[in-house]
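> Anchor point for the sequence shown: position 636 equals 636 in UniProt numbering, and the numbering is continuous, going up by one each time.
Built from N, CA and C at the ideal position, the CB exists for glycine as well.
Note that this is a predicted model, so its numbers are computed, not measured.
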Amino acid sequence: MTGTAVADFVRRWKRGIVHTSYVPASSAELDDRLGGCFERLRAELTGTAAGPAALELGAELVQIHFTNPAALSSTLRLFGAELPRLFPGLDAHRLHAVLADIAAGFSGRLREQTLDEQEVIKVAVLHARDAAEDKVRASEAKSRAVFETSVLGLAVVRLDGGIDEVNPAMAQIFQRSEEELLAGTIFDLCDQDWVAELDDVEAGLVAGDQETFHAELRFTRADETQVWTAVTASLVRDRDGAPQYQVVQYEDITDRHLLQEHFRRQSTVDTLTGLGNRTFLRGSIDQALEPTYRGRRVGLCYVDLDGFKAINDSLGQEIGDALLRQVAQRLRAMAELEGAEATRLGSDEFVVLLPDSHGATPLIQFVERMLREVQQPVRIGTHELSPSASVGVVEREVVGAEAEVLLRDADITLYRAKRDGRAQWVLFDSEHTAAARDRFKLSATLPAALDQNELFVQYRPVRRLSDGKLTGATATVQWDHEEFGELSAEQFLGVAEETGLITRLGSWMLERVCEHAARWTQRLGADAPIAGMDLSLRHCRDPELVAEVQRVLRKTGLAPQQLALGMPEVALFDHQGDPVDTLEIFADMGIGLVLYDYGDDYTRVPLLKDLPLQALQINGPHLASFADPAGPDPIHDFLVKAAVGAAGLVRIPVVATDVRTDQQAERLQAVGVSSVSGECTGGLVSALELEELVVAQRS
Numbered sequence: 001m002t003g004t005a006v007a008d009f010v011r012r013w014k015r016g017i018v019h020t021s022y023v024p025a026s027s028a029e030l031d032d033r034l035g036g037c038f039e040r041l042r043a044e045l046t047g048t049a050a051g052p053a054a055l056e057l058g059a060e061l062v063q064i065h066f067t068n069p070a071a072l073s074s075t076l077r078l079f080g081a082e083l084p085r086l087f088p089g090l091d092a093h094r095l096h097a098v099l100a101d102i103a104a105g106f107s108g109r110l111r112e113q114t115l116d117e118q119e120v121i122k123v124a125v126l127h128a129r130d131a132a133e134d135k136v137r138a139s140e141a142k143s144r145a146v147f148e149t150s151v152l153g154l155a156v157v158r159l160d161g162g163i164d165e166v167n168p169a170m171a172q173i174f175q176r177s178e179e180e181l182l183a184g185t186i187f188d189l190c191d192q193d194w195v196a197e198l199d200d201v202e203a204g205l206v207a208g209d210q211e212t213f214h215a216e217l218r219f220t221r222a223d224e225t226q227v228w229t230a231v232t233a234s235l236v237r238d239r240d241g242a243p244q245y246q247v248v249q250y251e252d253i254t255d256r257h258l259l260q261e262h263f264r265r266q267s268t269v270d271t272l273t274g275l276g277n278r279t280f281l282r283g284s285i286d287q288a289l290e291p292t293y294r295g296r297r298v299g300l301c302y303v304d305l306d307g308f309k310a311i312n313d314s315l316g317q318e319i320g321d322a323l324l325r326q327v328a329q330r331l332r333a334m335a336e337l338e339g340a341e342a343t344r345l346g347s348d349e350f351v352v353l354l355p356d357s358h359g360a361t362p363l364i365q366f367v368e369r370m371l372r373e374v375q376q377p378v379r380i381g382t383h384e385l386s387p388s389a390s391v392g393v394v395e396r397e398v399v400g401a402e403a404e405v406l407l408r409d410a411d412i413t414l415y416r417a418k419r420d421g422r423a424q425w426v427l428f429d430s431e432h433t434a435a436a437r438d439r440f441k442l443s444a445t446l447p448a449a450l451d452q453n454e455l456f457v458q459y460r461p462v463r464r465l466s467d468g469k470l471t472g473a474t475a476t477v478q479w480d481h482e483e484f485g486e487l488s489a490e491q492f493l494g495v496a497e498e499t500g501l502i503t504r505l506g507s508w509m510l511e512r513v514c515e516h517a518a519r520w521t522q523r524l525g526a527d528a529p530i531a532g533m534d535l536s537l538r539h540c541r542d543p544e545l546v547a548e549v550q551r552v553l554r555k556t557g558l559a560p561q562q563l564a565l566g567m568p569e570v571a572l573f574d575h576q577g578d579p580v581d582t583l584e585i586f587a588d589m590g591i592g593l594v595l596y597d598y599g600d601d602y603t604r605v606p607l608l609k610d611l612p613l614q615a616l617q618i619n620g621p622h623l624a625s626f627a628d629p630a631g632p633d634p635i636h637d638f639l640v641k642a643a644v645g646a647a648g649l650v651r652i653p654v655v656a657t658d659v660r661t662d663q664q665a666e667r668l669q670a671v672g673v674s675s676v677s678g679e680c681t682g683g684l685v686s687a688l689e690l691e692e693l694v695v696a697q698r699s
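#1: For Ile-591, count neighbouring Cβ atoms within 10 angstroms of its own Cβ and tell me buried if that reaches 16, exposed if not.
#2: Can you check whether the CB of Arg-297 is closer than 8 angstroms to the CB of Arg-369?
#3: Spell out a yes or no on whether the region 505-519 and the region 621-640 are touching, meaning 3 or more CB-CB pairs, one atom from each, closer than 8 angstroms.
#4: Distance check for Thr-361 and Ala-215, CA to CA, integer angstroms please.
#5: Using CA coordinates, which residue listed in Thr-279, Asp-31, Glu-384, Gln-458 is at the minimum distance from Glu-404?
#6: Quick check: Ile-186 and Leu-154, are their CB atoms within less than 8 angstroms of each other?
#7: With three or more C-beta pairs closer than 8 angstroms as the rule, is the region 533-542 touching the region 562-582?
#8: Could you name the residues that DSSP lists as bridge partners for Ser-675?
#9: Mark Asp-348 as exposed unless 16 or more other C-beta atoms lie within 10 angstroms of its C-beta, in which case mark it buried.
#10: Let me confirm a value: Ser-74 is counted as buried when at least 16 other C-beta atoms fall within 10 Å, else exposed. Which label applies?
#11: Could you pull the start and end residues of the alpha helix (DSSP H) that Ser-390 belongs to?
#12: Assuming Tyr-250 is part of the beta strand (DSSP E), what are its boundary residues?
#13: Buried or exposed for His-383, going by 16 or more other Cβ atoms inside 10 Å?
#14: Since residue 700 contacts Val-231 with CB under 8 angstroms, what's their CB separation in whole angstroms?
#15: Within the same chain, show all residues whose beta-carbon is closer than 6 angstroms to that of Asn-672, passing over the 5 residues directly before and after it, in chain order.
#16: For Ala-103, does the count of other Cβ atoms within 10 angstroms reach 16, so buried, or fall short, so exposed?
#17: Whole angstroms is fine: what's the gap from Leu-30's alpha carbon to Glu-60's?
#18: Is it buried or exposed, Val-151, if we count other Cβ atoms within 10 angstroms and call 16 or more buried?
#19: Using only the alpha-carbon positions, how far apart do Glu-341 and Leu-281 sit?
#20: What is the C-beta distance between Arg-460 and Ala-473, in whole angstroms, given that I count them as a contact (C-beta under 8 angstroms)?
#21: Whose C-beta lies closer than 8 angstroms to the C-beta of Gly-276 among residues of the same chain, with five residues either side of it excluded?
#22: Put Ala-670 into one of helix, strand or coil per three-state DSSP.
#23: Residue range of the beta strand (DSSP E) that Cys-301 falls in?
#24: Spatial neighbours of Gln-697 within its chain, please: C-beta separation below 6 angstroms, excluding the five flanking residues on both sides.
#25: Is the distance from the Cβ of Asp-534 to the Cβ of Gly-566 below 8 angstroms?
#26: So what does Glu-486 bridge to, in DSSP terms?
#27: Under the rule that 16 or more other beta-carbon atoms within 10 Å means buried, what is Gly-359, buried or exposed?
#28: Rounded to the nearest angstrom, how far is the Cβ of residue 717 from that of Arg-218, given a contact under 8 angstroms?
#29: Please list, in chain order, all residues of the same chain as Asp-252 whose beta carbon is under 8 angstroms from its beta carbon, the five residues on each side excluded.
#30: Looking only at C-alpha atoms, which of Ile-319, Val-166, Gly-295 sits nearest to Val-248?
#31: Roughly how many angstroms lie between the CA atoms of Asp-304 and Val-426, to the nearest whole one?
#32: Is the beta carbon of Trp-681 sitting closer than 8 angstroms to the one on Val-462?
#33: How many angstroms separate the CA atom of Gln-562 from the CA atom of Leu-323?
#34: Verify whether the separation of the beta carbon atoms of Ser-536 and Glu-497 is less than 8 angstroms.
#35: I need the boundaries of the alpha helix (DSSP H) containing His-358, first residue and last residue.
#36: How about Thr-521 and Leu-558: do their beta carbons lie closer than 8 angstroms?
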């Protein structure tokens, strides 16, 4: 934001408020004070922490005599309209907080100024009653002038609350005649719900325990309109110090109160749907978890629309917003029938809270009715949409329950509903949720694990069956987790796929594998095994894969011929069914290519014959049958022979993995398998242990 933009904003601000009060528009001091206030506010809005600048800005208006409510109204309108433009990163919640603080600062300073005036009145009354006869008339005249002309309601009140005297402003504020006011008490000037509060503070005052009190009270007029008043009472003592009477001041703060209520409501209401937002939900959950009666239970339904992103992307945000509003209305209507509350957490996520659940069965019946209602077709313009939703349901006693745990368990249960097919509900189950919670912990800690070297690479030696020579090693990654212990790749690679970290993990692993292979080449020469690793489908489709492999080879100094990369069959072809360019690039570089999901569908073998593949990898339950002492099951024997035979027709060697015994390896060799890995070749070993295996092989 430029200095010119700041100066222009301050000029517009000054122009908007000067006409509300008699302040010279050309005052240099005024320019400096307004500009300084805005500069302090700007410094806070461009920072990260909240501060008192907005409160000070509101107070400064009163300090420079802009006490007319119109000045505050003009300021709030200008700031509300212009701050989002001047500070593009300013969200609605922060904007509302700034405007509310400006109003609070204005009202707070105005109240302090009013209290100062009231103190003057109190002193004037004391002098009028106690001073000498020659000063009484002058003091009374001054006091009477202030008393009669003040815009604040003033009343002289007995210790029992009876009203002895009022000024004209009192009649205007309460819409009652002077006679009606004098016939009643100050307890008649607030609604019944506020009488107890007034009685408490009044008792302390008339007992002489305190000199003043302040309260905000509501009063309903005869025409049913409501007025909010800021009430300040001061005790007047006699010459002996005993309480004698009180002076009570009433300030009409209705407009300010409604404005603050408006800002408070905006901070707890979702602007798109009109439902409560996350802040509102947290307060509702806290209330629902109060054990107000024995055995109280609570139910929470975490609702997420299925496929909403596709609707938003294909039909546009306007259609998506309209759908969210329709769903919100349906959820609100269903919730109200059950005495529940519907809120929107953001995007397409909603929560329906039942503060008094009657058990899991009635709650599930309600969820099923709610899902049927949500799934009714929605007509938006020319589009007819059929929304569906998944729901995670939690129901439990409130004793011992915590808001954060309740939301977390519902969120995890919703994840299960999404994972298991969508358009359904799933009830919280502690065993399944514990497993899902562990997955969430892994997904949250995996990025740090990569940075802090908690992951390490191990290898499965690959032996050629014709001569027993160790020719290669297939890499796998392990995780030394501080809570769960040592984790195999199968335990966390799924998490890496879900979180999008699989590509980063693959790049990290590629660099470690190439470093190890480069050391093997230096130390073992021609006997160094070829290092292999399997690439995930997402990694294979990474447009930076070729550049990343080239970078790692340059950095580690590894010859491309010493590296083999495993790829799934689906990654070998593009959308038109043509081989991807990556295959030819890697083959030209000298990198070996291995198909690692071979055997799922042998009918695809003809597609492989023209590809630069160095080997096909097979595994699975069919191979396990070859370890049976009695020999393989005939069906498994047939399937393995078919797979190996098909590979032989396209002249690609077959590597069998997870081979446990030498007998199993011999049987596989008999059907055409050329190499094996698994327990029979040494199981999982470190890079150093693999090197030792090669050295031992020489002797």
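According to the structure data:
#1: Residue numbering aside, residue 591 sits at position 591 when the sequence shown is read from its first letter. Taking every protein chain shown into account, the CB of Ile-591 has 16 or more other CB atoms within 10 angstroms, so this residue is buried.
#2: The count along the sequence shown starts at 1 and reaches residue 369 at position 369. The count along the sequence shown starts at 1 and reaches residue 297 at position 297. The answer is no: Cβ separation not under 8 angstroms.
#3: no
#4: Stepping through the sequence shown from its first residue, residue 215 is reached at position 215. Stepping through the sequence shown from its first residue, residue 361 is reached at position 361. Using only the alpha carbons, I get a separation of about 48 angstroms.
#5: Here residue 404 refers to the residue found at position 404 of the sequence shown. Closest by alpha carbon: Thr-279.
#6: On the sequence shown, position 186 is the one that residue 186 refers to. On the sequence shown, position 154 is the one that residue 154 refers to. No, they are not a contact pair.
#7: yes
#8: The sequence position of residue 675 within the sequence shown is 675, counting from 1. Answer by DSSP bridge pairing, in chain order: Arg-464, Val-655.
#9: Position 348 of the sequence shown holds residue 348. So Asp-348 ends up on the buried side.
#10: Here the question's residue 74 lines up with position 74 in the sequence shown. With 16 or more other Cβ atoms within 10 Å, it is buried.
#11: Reading the sequence shown from its first residue, position 390 is the one you call residue 390. Not the alpha helix (DSSP H): Ser-390 falls in the beta strand (DSSP E), residues 389-397.
#12: Position 250 of the sequence shown, counting from 1, holds the residue named residue 250. Annotation: the continuous beta strand (DSSP E) that includes Tyr-250 extends over 243-252.
#13: Within the sequence shown, numbered from 1, the residue matching residue 383 stands at position 383. Exposed is the call here.
#14: Shown here, the chain extends from 1 to 699; a query on residue 700 therefore has no answer.
#15: On the sequence shown, residue 672 is found 672 positions in, with the first residue counted as 1. First, the residue type needs correcting, since residue 672 is Gly and not Asn in the sequence shown. The residues are Val-644, Gly-648.
#16: Looking up residue 103 in the sequence shown gives position 103. Its Cβ being crowded by 16 or more others within 10 Å, Ala-103 is buried.
#17: The count along the sequence shown starts at 1 and reaches residue 30 at position 30. The count along the sequence shown starts at 1 and reaches residue 60 at position 60. Taking the straight line from one Cα to the other gives about 10 angstroms.
#18: For this step, residue 151 is matched to residue 151 along the sequence shown. By the 10 Å Cβ count, Val-151 comes out exposed.
#19: On the sequence shown, residue 341 is found 341 positions in, with the first residue counted as 1. On the sequence shown, residue 281 is found 281 positions in, with the first residue counted as 1. Going by the C-alpha atoms only, they are around 9 angstroms apart.
#20: On the sequence shown, position 460 is the one that residue 460 refers to. On the sequence shown, position 473 is the one that residue 473 refers to. The Cβ separation is near 7 angstroms, so the contact holds.
#21: Within the sequence shown, residue 276 is the residue found at index 276, counting from 1. So the list reads Thr-268, Val-269, Asp-270, Ser-284, Glu-341, Ala-342, Thr-343, Arg-344, once near-sequence residues are dropped.
#22: Here the question's residue 670 lines up with position 670 in the sequence shown. In the structure shown, Ala-670 sits in a helix (DSSP, three-state: H, G or I).
#23: Start at 1 with the first residue of the sequence shown, and residue 301 comes out as number 301. 297-305 is the extent of the beta strand (DSSP E) around Cys-301.
#24: What you label residue 697 is simply residue 697 of the sequence shown in a count that begins at 1. Closer than 6 angstroms at the Cβ level, and outside the excluded window around Gln-697, lie Leu-470.
#25: Your numbering for residue 534 matches position 534 in the sequence shown. Your numbering for residue 566 matches position 566 in the sequence shown. In this structure, Gly-566 lies closer than 8 angstroms to Asp-534 by Cβ.
#26: As a working mapping, residue 486 is identified with position 486 in the sequence shown. Asp-480, per the DSSP bridge assignment.
#27: The residue labelled residue 359 in the question sits at position 359 within the sequence shown. Gly-359 comes out exposed.
#28: Lying before the first or after the last residue shown, residue 717 is absent from the chain, which here runs from 1 to 699.
#29: By 1-based counting over the sequence shown, the position of residue 252 is 252. Correct list, in chain order: Gly-153, Ile-173, Val-227, Trp-228, Thr-229.
#30: Working through the sequence shown from its first residue, we reach residue 248 at position 248. Of the candidates Ile-319, Val-166, Gly-295, the one whose C-alpha sits nearest the C-alpha of Val-248 is Val-166.
#31: For the purposes of this step, residue 304 is taken as the residue at position 304 of the sequence shown. For the purposes of this step, residue 426 is taken as the residue at position 426 of the sequence shown. Each residue's Cα considered, the two are about 12 angstroms apart.
#32: Position 681 of the sequence shown holds residue 681. Position 462 of the sequence shown holds residue 462. Reading off the sequence shown, one finds Thr at residue 681, where the question assumed Trp. A contact, by the Cβ cut-off of 8 angstroms.
#33: Here residue 562 refers to the residue found at position 562 when the sequence shown is read from its first residue. Here residue 323 refers to the residue found at position 323 when the sequence shown is read from its first residue. About 56 angstroms.
#34: Here residue 536 corresponds to residue number 536 of the sequence shown, with the count starting at 1. Here residue 497 corresponds to residue number 497 of the sequence shown, with the count starting at 1. Cβ distance < 8 angstroms, so Ser-536 and Glu-497 count as in contact.
#35: The residue you call residue 358 lines up with position 358 of the sequence shown. Run containing His-358: none; DSSP gives neither H nor E here.
#36: Translated into the one-based positions of the sequence shown, residue 521 becomes position 521. Translated into the one-based positions of the sequence shown, residue 558 becomes position 558. Contact flag set, yes.
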